[in-house]
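Undergrad:
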Amino acid sequence: MEADSANLLPLLENQWGAARLEHLRQIGRIAQQLGTPAYLVGGAVRDLFLKRDAPDLDVAVEGDTRALAEACKAQIHSTHYQFHAQFGTAILESSQGMALDLAQCRLEHYPAPAALPEVRPGNIQTDLARRDFTVNAMAIRLNPQQFGILLDPYDGQADLQAGLLRTLHSRSFLDDPTRILRGLRFATRFQMDLAPESHQQLKQALQADIFTPLSGARLWRELRYLLELEALPSALPLLSAWKLWFLLRPKPPASSTLPTLLQRGHEQIQWLQAQFPDEPLDVFIPMLILIWQDVRLSDIQHCLDRWPVPDRGRLLADLRALPGLPETLLKAKHPSQKANIWQGVSVAGILAAMAIYADNATIVDSARLYLQVQKHLPSLLNGQELQTLGLKAGPSLGKTLKLLREAQLNGEISNKENAQQWLIKQGILPPNLL
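Numbers 1 to 434, taken from full-length UniProt numbering, label the letters of the sequence shown in order.
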């Protein structure tokens with residue numbers, strides 16, 4: 001373990017400002033009063049050197065996190081906290097909207113490859129030693145006398161400057177193969193390369209088939225983070241270079257158009273989010289659909305059987321529907337028929353379709369019309385109103401509502417009065433009603 005490094009106070013003041021630093025100073029003072037030294041750790045330290053914003057701050061504590069959180073609430077005005085007893089962690093929130101995650105320093109031992117670690121309390125040295133890469137194994141002291149002093153026992157700052165991702169020990173990937181996928185994300189986001197010895201460790205881990213004993217839930221969590229990356233197209237060359245395509249599909253994609261396809265997918269997602277900020281969307285689903293375009297459904301089912309992907313039945317239905325979409329839409333003669341086709345596809349599936357058929361203006365325009373207008377078109381007459389007009393509750397009422405919607409989509413009706421007239425002409429309502 002190397003001695004303390006340079007004082008980062010000037011860099012912290014320049015990049016984070018006085019208010020944020022004063023909040024950290026207060027936490028450091030309170031931690032010292034309790035005899036529980038506190039350190040800023042993780043991505044915030046790394047991002048400080050990268051001159052990136054760090055909205056999430058992680059503080060490691062050599063002691064009781066709950067006691068520190070309670071003391072901060074008592075001594076720092078308008079501070080609140082949430083304690084998670086299961087993990088021994090706390091979230092500290094200030095009235096200015098500043099949030100910090102407090103966690104006790106710990107020591108980890110892996111009883112078997114790819115197993116969850118056995119954890120017990122530790123100090124800052126053992127806490128940094130359990131990290132994934134040297135660039136994430138740095139800490140900044142928060143105690144008053146040494147506030148701003150960098151701890152960098154594994155030369156993470158030097159690796160950061162060199163653009164290298166380096167593991168802390170030779171068994172890192174064997175202990176925890178999820179570090180491989182985290183490394184892939186870091187390499188993509190920060191344009192870094194895997195250090196030569198770490199690349200050799202990756203090869204050894206793959207030769208040991210290290211992902212087989214990893215639980216499907218843990219694997220899916222890391223894959224989901226990868227699929228949610230806005231820079232996902234840039235990760236594809238690394239998936240090939242690191243020989244990791246097998247985690248997502250049986251073989252690497254044969255076509256070189258996938259990066260363009262994924263970029264189009266992100267553009268469609270951004271369009272939807274601009275149009276409908278409150279529309280719920282799992283971004284990873286359209287990305288999965290695009291990645292799986294030429295993959296057999298039986299192979300996809302094998303993945304879904306292992307991963308806890310939400311709404312898997314709908315995802316498979318989308319994958320079945322999208323290849324025949326151009327022909328199906330071409331056969332539809334009326335707006336209501338096209339709307340019914342889109343209604344059978346999830347929003348994520350529609351976005352994927354807009355990316356796949358981006359050069360087909362008819363399909364894209366039809367999809368956007370459905371999302372912008374047809375999907376949320378209010379009914380001219382609701383079920384209660386139809387019952388007031390004499391219709392009985394039951395399946396026939398649902399069929400009438402469907403017929404009304406189709407007539408409205410086709411421009412045959414536009415208000416309550418002509419909707420009632422249309423129902424009379426269809427023989428659904430008696431002619432003497434009006």
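Positions of the beta carbon are idealized from the N, C-alpha and C atoms, including for glycine.
All values derive from a computational prediction rather than experimental measurement.
Rounded to whole angstroms, what's the CA-CA distance from residue 2 to residue 159? Just pull it up for me.
TA: Position 2 of the sequence shown, counted from the start, is the residue given in the question as residue 2. Position 159 of the sequence shown, counted from the start, is the residue given in the question as residue 159. Low local confidence applies: a pLDDT of 44 at residue 2 is under 50, so the model's placement there is unreliable, and no value is given.
Undergrad: Contact between the stretch 158-173 and the stretch 118-133: three or more CB pairs below 8 Å?
TA: Segments in contact, yes.
Undergrad: Can you find at least 3 beta carbon pairs, one from the stretch 404-411 and one from the stretch 332-339, that sit closer than 8 Å?
TA: Touching, per the Cβ criterion.
Undergrad: If you measure between the beta carbons of residue 41 and residue 60, is that distance less than 7 Å?
TA: As a working mapping, residue 41 is identified with position 41 in the sequence shown. As a working mapping, residue 60 is identified with position 60 in the sequence shown. Against a cut-off of 7 Å, the Cβ pair of residue 60 and residue 41 comes out as a contact.
Undergrad: Rounding to the nearest angstrom, what Cα-Cα distance links residue 185 and residue 383 in this structure?
TA: As a position in the sequence shown, residue 185 is number 185, starting the count at 1. As a position in the sequence shown, residue 383 is number 383, starting the count at 1. Computed Cα separation, rounded: 50 Å.
Undergrad: Return the Cβ separation of residue 218 and residue 358 in integer angstroms, given the expectation that the two are a contact with Cβ distance under 8 Å.
TA: For this step, residue 218 is matched to residue 218 along the sequence shown. For this step, residue 358 is matched to residue 358 along the sequence shown. Actually they are not in contact, since the Cβ atoms of residue 218 and residue 358 sit about 35 Å apart, beyond 8 Å.
Undergrad: Look at the alpha carbon of residue 360 and the alpha carbon of residue 330, and state the distance between them as a whole number of angstroms.
TA: Within the sequence shown, residue 360 is the residue found at index 360, counting from 1. Within the sequence shown, residue 330 is the residue found at index 330, counting from 1. If you take the alpha carbons of residue 360 and residue 330, they lie about 12 Å apart.
Undergrad: Considering just the uninterrupted stretch of the alpha helix (DSSP H) at residue 323, what are its terminal residues?
TA: Here residue 323 is taken as the residue at index 323 of the sequence shown, counted from 1. Careful: residue 323 lies outside any alpha helix (DSSP H) and carries neither H nor E.
Undergrad: Please name the residue in 63, 181, 285, 99 whose C-alpha comes closest to that of residue 121.
TA: For the purposes of this step, residue 121 is taken as residue 121 along the sequence shown, with counting starting at 1. The option with the nearest alpha carbon to residue 121 is 63.
Undergrad: Mapping DSSP to helix, strand and coil, what is residue 211?
TA: By one-based count along the sequence shown, residue 211 stands at place 211. The answer is coil: DSSP assigns residue 211 none of H, G, I, E or B.
Undergrad: Could you give the first and the last residue of the continuous beta strand (DSSP E) run that contains residue 104?
TA: In the sequence shown, residue 104 corresponds to position 104, counting from 1. Taken as a continuous stretch (DSSP letters only), the beta strand (DSSP E) holding residue 104 covers 99-104.
Undergrad: Report buried or exposed for residue 77, applying the criterion of at least 16 other Cβ atoms within 10 angstroms of its Cβ.
TA: Position 77 of the sequence shown holds residue 77. That one is exposed.
Undergrad: Go ahead and label residue 294 buried or exposed: buried means 16 or more other beta carbons lie within 10 angstroms of its beta carbon, across all protein chains shown.
TA: Position 294 of the sequence shown, counted from the first residue, corresponds to residue 294. It is exposed - the Cβ of residue 294 has fewer than 16 other Cβ atoms within 10 Å.
Undergrad: Could you work out which residue in 94, 65, 84, 46 is closest to residue 19 when comparing CA atoms only?
TA: Within the sequence shown, the letter at position 19 stands for residue 19. Selected option, being the one with the closest Cα: 94.
Undergrad: Quick check: what's the CA-CA separation for residue 16 versus residue 241?
TA: Start at 1 with the first residue of the sequence shown, and residue 16 comes out as number 16. Start at 1 with the first residue of the sequence shown, and residue 241 comes out as number 241. The straight-line gap from Cα to Cα measures roughly 37 Å.
Undergrad: Sort out for me which residues DSSP pairs residue 120 with in a bridge.
TA: As a first step, residue 120 is located in the sequence shown; it is residue number 120 there, counting from the start. Its beta-bridge partners are 107.
Undergrad: Contact check, residue 283 vs residue 228 under 8 Å by CB: the rounded distance?
TA: Counting from 1 along the sequence shown, the entry for residue 283 is found at position 283. Counting from 1 along the sequence shown, the entry for residue 228 is found at position 228. That pair is a contact at about 5 Å.
Undergrad: May I ask you to report which of helix, strand or coil DSSP gives residue 253?
TA: Counting from 1 along the sequence shown, the entry for residue 253 is found at position 253. It is coil, neither helix nor strand.
Undergrad: To the nearest angstrom, how far is the alpha carbon of residue 432 from that of residue 420?
TA: Mapped onto the sequence shown, residue 432 falls at position 432. Mapped onto the sequence shown, residue 420 falls at position 420. Roughly 11 Å separates the two Cα atoms.
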